[in-house]
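The block underneath contains the structure these notes are about, expressed in structure tokens.
Protein chains: 2
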Amino acid sequence: MSFKQFSSDQDVIDFVQTHTAVFNNSPDLTVTEIGDGNINFVYRVDDGAQSLIVKQALPYIRVIGEAWPLSQDRIRIEAKALKQSEESCPGSVPEVYHYDAASCAIIMADIGQYQSLRQALIERQSLPGVAEELGAYVAKSLFYSSDFYLSSKAKKSIVQDFINPDLCQISEEVYFWDPFCDHERNNVNTPLAARASEWWQDAELKQAVARLKMKFQNQAQVLLHGDLHTGSVFVDPSAEHKVKVIDPEFAFVGPAGFDLGVLIANYLLNLAGQSRAAGEPEERHAYQQVLLSDVNSLWQSLTESFRRLAAEHTQDPCLQSSDIVDAWLSELLTDSLGFAGVEMTRRTLGVAHVADVEQIEDEAARAEAQTMCLDMADLLIKHAGQFSGMPVITAAVGELSFCR
Amino acid sequence: MSFKQFSSDQDVIDFVQTHTAVFNNSPDLTVTEIGDGNINFVYRVDDGAQSLIVKQALPYIRVIGEAWPLSQDRIRIEAKALKQSEESCPGSVPEVYHYDAASCAIIMADIGQYQSLRQALIERQSLPGVAEELGAYVAKSLFYSSDFYLSSKAKKSIVQDFINPDLCQISEEVYFWDPFCDHERNNVNTPLAARASEWWQDAELKQAVARLKMKFQNQAQVLLHGDLHTGSVFVDPSAEHKVKVIDPEFAFVGPAGFDLGVLIANYLLNLAGQSRAAGEPEERHAYQQVLLSDVNSLWQSLTESFRRLAAEHTQDPCLQSSDIVDAWLSELLTDSLGFAGVEMTRRTLGVAHVADVEQIEDEAARAEAQTMCLDMADLLIKHAGQFSGMPVITAAVGELSFCR
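Which chain is which? The protein sequence lines are A and B, in order. Per our numbering, the very first residue in the first sequence carries number 1; after that it's consecutive. Per our numbering, the very first residue in the second sequence carries number 1001; after that it's consecutive.
In structure tokens form, the structure reads like this:
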């Protein structure tokens, strides 16, 4: 069957009514296009009492059009990744009601009552338990797709299922190439030009980033979300499941530190943004302390969960030793710091910035916050292997963001 | 079409005459089954003037029978790997005349005038230029399937094409598990029992091997032969192409150091074997020096070739720096030493030994040579990262094999 884009509200409604029983043939359904992403179409379907989400992938990038084709296989990958997350960490993703290969569309639960973690951090909300639950989510995602848990054949099967050339190529370019050279896609704040120019000529940095790029391309270690910034994480501290992770269309089997690194980087981007954001200095500084404490809690929760899972469920007899788990977690930390530095760089010099920093309206003040981001990125990329643990790291990046 | 095993000489002849024009319908063809391997059937077809080889894969392991099923996909992988080798390093493998998916069979050139490198080393032959050509072969195999050369999408395509679960699982077990525990498949020479028992309880060793096992399972770095011992390498120092590499049915995209490590290990197994083999001590000692010099030459040729290829043909702009190539080669050396230690262990304590050592008839003398193998393996596995270059390593392993 050839692909047809939904071209009317009725198309979306017919699709939902054909494939789910959620609305029980209610005649009063409204359809709202809510996609704020750049790639796909996302519709909320609502009967006043209940709602759900329909996401459809076109054969090109939405905001660019047919000039930038993109494999629709990404929606198969997204559906499969959501199911894997539901299995390894129940409640951590929106429930998938139906995946339709012909329409390249997923029908899933609406998590409208949740807010993006990015927005919550920008608003300096108190988020009790969120960092801990995120740590446990990352731990389970890592463990259940790693060699500690999967059989040799099951591992190769997920590697094959999640080969994702189009979206990996985008990541390889926008993380590891563009922001480390004077690329036309870059978006550099004017007062940052001199610093950017130095950045693009730093041989030590380029060598470390080349190593991380090769890890990204070669190390088929665990199933990754692939785009785990704070805009892919939705939170509701009062809910049974405080965290819902969405949009895993960049999923692939890659290096364990990548998702964690991107997540930490987005906490640190917010940290740097707070230094020059609106509001009272004391309040902003206090929230910076909360962010650093959250990063520590996330890591502590992650390592505790991972160690417990490994002790209880490791299948491979070669890997059943706590020393091996410790070494694995130590490498995870080092790798994730490197990837965090890369994510901070791309969000500062590359094409796609983040609201945490962009909300600073004054160009010079924004450049100061961006300089902090690059200082942190430089520290993390060049010295990732030299920190003895997460508290030492958060203390060091805290220094860089407070003392100005 | 369902699979049919060749059940007579005529079946083999019909297959060859249908798919090749080599024999031009000659009526006088003889068929000889020459498979000395344990897994497949191999036939030589000869008309007195010319000959060729037919290799057929059954859906189980030949020497065990239907009790150990094995995916016939291995013959597709072998045919594809032979073609890749011919492309990246012309003349380094037997020419493939025909691959037949339905019959699970390959028709290829006969390299009957070549001798196995293992046999040549056992006979203490002089092999001028062979180590250098092997080094260049490994360099080209590595480079042309690495990120230095392949586009992101081409790389993912070979990862997918060479996913090889059945044969990788065999390797994961026989290299990284059996010989590091008291496994029923092991074959331990009686005087070696106490040393083996210590070996199986060495926590430092097990941790290092677990790390190597995870590299083997996770690091999709280059297309590997997967079984590059000296019985898979055939040599003729007087031929235009001195080296022909056969039997890549274990091929997969894995860690760059694996093939090189296995190859080095097999030189060192011969080195240890020479210490207690038949013949004059001076002659044996002189050949040990030749072997160490060959390992140095192999590495030097490999690195020179690789650096030249990288300088001329690296596609990825992130990887176009000699510092990055140096770092890559340094990691290659470290990894290969670890894998060499693992191969030496499995050939000493595991199920499949090598003639280089097994030819020593006296049990106690053989145990002495095997002890040298384990001493070298211990050094290589535990201290792989601490050597500054190949000459330091060959000097160190030389010490272990001479001073007895």
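In this text, a Cβ means the ideal position worked out from N, Cα and C, and glycines have one as well. Model, not experiment: these values are computed from the prediction.
Asked: Beta-carbon contacts of glutamine 221(A) that lie in its chain and below 6 Å, excluding the five residues immediately before and after; Found: Pro255, Ala256
Asked: Residue environment, glutamate 1198(B), which counts as buried when at least 16 other CB atoms sit within 10 Å; Found: exposed
Asked: Exposure label - valine 1262(B); buried when at least 16 CB within 10 Å; Found: buried
Asked: Contacting positions in the region 127 to 156 of chain A - beta carbon closer than 8 Å to chain B; Found: Asp147, Ser152, Lys153, Lys155, Lys156
Asked: C-beta neighbour in chain B for glutamate 343(A), strict 9 Å; Found: no
Asked: Alpha helix (DSSP H) segment containing proline 1165(B), residue limits; Found: 1165 to 1176
Asked: Extent of the continuous beta strand (DSSP E) to which lysine 55(A) belongs; Found: 51 to 56
Asked: Assumed close pair asparagine 1189(B), glutamine 1370(B) - CB separation to whole angstroms, cut-off 8 Å; Found: 6 Å
Asked: Coarse secondary structure for histidine 383(A), derived from DSSP in three states; Found: helix
Asked: Limits of the unbroken alpha helix (DSSP H) element including leucine 1223(B); Found: No alpha helix (DSSP H) contains leucine 1223(B), which is instead part of the beta strand (DSSP E) from 1222 to 1224.
Asked: Proline 1069(B) in three-state terms, based on DSSP; Found: strand
Asked: Check whether methionine 372(A) and alanine 277(A) have beta carbons under 9 Å apart; Found: no
Asked: 9 Å Cβ cutoff, phenylalanine 1180(B) in contact with chain A; Found: yes
Asked: Any chain A beta carbon closer than 9 Å to aspartate 1323(B); Found: yes
Asked: Chain A within 9 Å of arginine 1211(B), Cβ atoms only; Found: yes
Asked: Proximity below 9 Å, CB of alanine 1109(B) to CB of proline 1094(B); Found: yes
Asked: Buried versus exposed call for tryptophan 68(A) [16 or more other C-beta atoms within 10 Å across all chains shown]; Found: exposed
Asked: Interface flag, tryptophan 1299(B) vs chain A, CB-CB below 9 Å; Found: no
Asked: Contact with chain B by serine 26(A), beta-carbon distance below 9 Å; Found: no
Asked: Secondary structure, alpha helix (DSSP H): runs of 4+ residues fully inside the region 1118 to 1151 of chain B; Found: 1130 to 1144
Asked: Within the region 343 to 372 of chain A, ranges of the alpha helix (DSSP H) (whole runs, at least 4 residues); Found: 355 to 358
Asked: Integer-rounded CB distance, given that phenylalanine 216(A) should sit under 8 Å from phenylalanine 180(A); Found: Not really, about 13 Å apart at Cβ, beyond 8 Å.
Asked: Boundaries of the alpha helix (DSSP H) in which valine 1397(B) is found, first to last residue; Found: 1390 to 1402
Asked: Inter-residue spacing [alpha-carbon to alpha-carbon] between arginine 185(A) and histidine 353(A); Found: 12 Å
Asked: Whole-angstrom distance between leucine 302(A) and alanine 139(A), CA atom to CA atom; Found: 5 Å
Asked: Selected residue, minimal CA-CA separation from leucine 117(A), among Pro191(A), Asp356(A), Phe162(A), Tyr144(A); Found: Asp356(A)
Asked: CB contact check: proline 69(A) to chain B, cutoff 9 Å; Found: no
Asked: Minimum Cβ-Cβ distance from lysine 206(A) to chain B less than 9 Å; Found: yes
Asked: Arginine 44(A) (DSSP reduced to helix, strand or coil); Found: strand
Asked: CA-to-CA distance, glutamate 1033(B) to aspartate 1046(B), given in whole angstroms; Found: 12 Å
Asked: CB of isoleucine 107(A) within 9 Å of CB of leucine 167(A), strictly; Found: no
Asked: Spatial neighbours of phenylalanine 1339(B) in its chain, beta-carbon cut-off 7 Å, leaving aside the 5 residues before and after; Found: Leu1212, Gly1257, Phe1258, Gly1261, Val1262
Asked: Own chain partners of serine 85(A) with C-beta closer than 6 Å, once the 5 adjacent residues on each side are dropped; Found: Ser92, Val93
Asked: Straight-line gap, tyrosine 1149(B) to glycine 48(A) (C-alpha atoms, nearest Å); Found: 56 Å
Asked: Beta-carbon gap between threonine 1394(B) and leucine 1374(B) smaller than 9 Å; Found: no
Asked: Any C-beta of chain A under 9 Å from that of valine 1159(B); Found: yes
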